[in-house]
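Trainee: Sending over a structure as structure tokens; questions will come in a sec.
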Amino acid sequence: MTVLETERLIMRAPRLEDAPCYTLGISEFAVARWLTPVPWPFTLSMAQDFLRAAPEARPEKALFIVEHKRKGLIGCVMLASELGFWIARPHWHRGYATEAASALIDWHFDGTRQETIRSSAHRNNLASLRLKARLGFVATGKELRFSQALQHNVEHVTTALSRTDWQARKADRSAASWVGVGERQGSAPMIAPEAVP
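UniProt numbering applies: residue 1 is where the sequence shown begins, and numbers increase by one.
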């Protein structure tokens with residue numbers, strides 16, 4: 001069973017007993033509204049079904065519970081056709097999503113020959129777009145997707161991260177100083193939705 005570990009976090013396989021905490025985190029509308037395929041309200045039975053069906057972790061396809069070493073379950077990070085993640089609202093703005101996604105990206109590129117990871121975000125989810133830009137994702141286009149929580153189509157910015165760009169960023173990071181919220185000192189880049197063709 002694969003476990004990824006960072007300074008503050010453990011990414012591990014989901015367990016059925018995670019369902020109550022998972023439900024509590026993802027069922028808050030402030031979280032669910034940005035997760036296009038997630039219905040709202042999100043119930044305990046939905047969480048149980050979802051966790052039961054989680055694939056066994058492989059570098060090309062995985063779902064990990066994100067657990068803070070002192071605070072317990074704080075979110076989820078996954079990679080299938082796209083990289084996705086959510087962090088429970090009380091734990092926002094602390095760099096946890098950046099930390100978890102970085103560990104998963106490292107594991108993916110170390111364990112596969114794939115050259116690109118894709119991701120996307122609701123065009124108004126500026127925090128997610130900033131995070132992806134910090135990770136090295138670049139905008140590739142726009143598309144409409146149906147939001148289960150909002151019950152209408154929303155415009156998404158599609159993004160991609162190449163193996164080459166990730167390795168270059170890793171080299172830069174090893175020589176850079178980082179602040180506690182997961183951003184480099186200085187101005188953070190952003191994928192601007194209006195700049196996408």
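No residue lacks a Cβ here, since even glycine has one placed at the ideal position from N, Cα and C.
Remember, it's a predicted structure, so these values are computed and weren't measured experimentally.
With distance defined between alpha-carbon atoms, name the residue in 23, 29, 108 nearest to residue 2.
Mentor: The candidate whose alpha carbon is nearest that of residue 2 is 108.
Trainee: Pairs of beta-carbons, one from the region 87-107 and one from the region 54-67, closer than 8 angstroms: are there three or more?
Mentor: Yes: at least three Cβ pairs fall under 8 angstroms.
Trainee: What is the rounded straight-line gap between the Cα of residue 172 and the Cα of residue 164?
Mentor: Taking the straight line joining both Cα atoms gives about 12 angstroms.
Trainee: Could you give the C-beta distance for residue 156 and residue 128, rounded to a whole number, given that I count them as a contact under 8 angstroms?
Mentor: Wrong, their Cβ atoms sit about 10 angstroms apart, outside the cutoff.
Trainee: Taking only runs of the beta strand (DSSP E) that begin and end inside the UniProt domain "N-acetyltransferase" (24-164), which ones reach a length of at least 3 residues, in chain order?
Mentor: Runs found: 62-68, 72-79, 83-87, 116-122, 138-147, 152-162.
Trainee: Throw me the rounded Cβ distance for the residue 6 and residue 23 pair, which I believe falls under 8 angstroms.
Mentor: Wrong, their Cβ atoms sit about 25 angstroms apart, outside the cutoff.
Trainee: Just the Cα atoms here: how many angstroms apart are residue 54 and residue 11?
Mentor: Taking the straight line joining both Cα atoms gives about 14 angstroms.
Trainee: What does residue 12 pair with, by DSSP beta-bridge criteria?
Mentor: 65.
Trainee: What separation, rounded to the nearest whole angstrom, lies between the Cα atoms of residue 51 and residue 115?
Mentor: C-alpha separation (whole angstroms): 29 angstroms.
Trainee: Using the beta-carbon count (16 or more within 10 Å), is residue 81 buried or exposed?
Mentor: Exposed: under 16 other Cβ atoms inside 10 Å.
Trainee: Hey, out of 152, 59, 92, whose CA is closest to residue 83's CA?
Mentor: When only C-alpha atoms are compared, the closest one is 59.
Trainee: Quick one: what does DSSP say residue 7 is sitting in, helix, strand or coil?
Mentor: Coil, per DSSP.
Trainee: Using the C-alpha atoms, what's the distance from residue 37 back to residue 123?
Mentor: C-alpha separation (whole angstroms): 15 angstroms.
Trainee: For residue 144, count neighbouring C-beta atoms within 10 Å of its own C-beta (all shown protein chains included) and say buried if the count is 16 or more, exposed if not.
Mentor: Burial call: exposed.
Trainee: Rounded to whole angstroms, what is the Cα-Cα separation between residue 27 and residue 73?
Mentor: Whole-angstrom Cα-Cα distance: 14 angstroms.
Trainee: Just tell me which of 140, 32, 95 has its CA closest to the CA of residue 151.
Mentor: The shortest C-alpha separation from residue 151 is found at 32.
Trainee: Would you report the Cα separation of residue 170 and residue 93, rounded to the nearest angstrom?
Mentor: Taking the straight line from one Cα to the other gives about 22 angstroms.
Trainee: Just the C-alpha distance for residue 166 and residue 139, rounded to the nearest angstrom, thanks.
Mentor: Roughly 15 angstroms between the two C-alpha positions.
Trainee: Out of curiosity, what's the CA-to-CA distance linking residue 78 and residue 85?
Mentor: So the two alpha carbons sit approximately 6 angstroms from each other.
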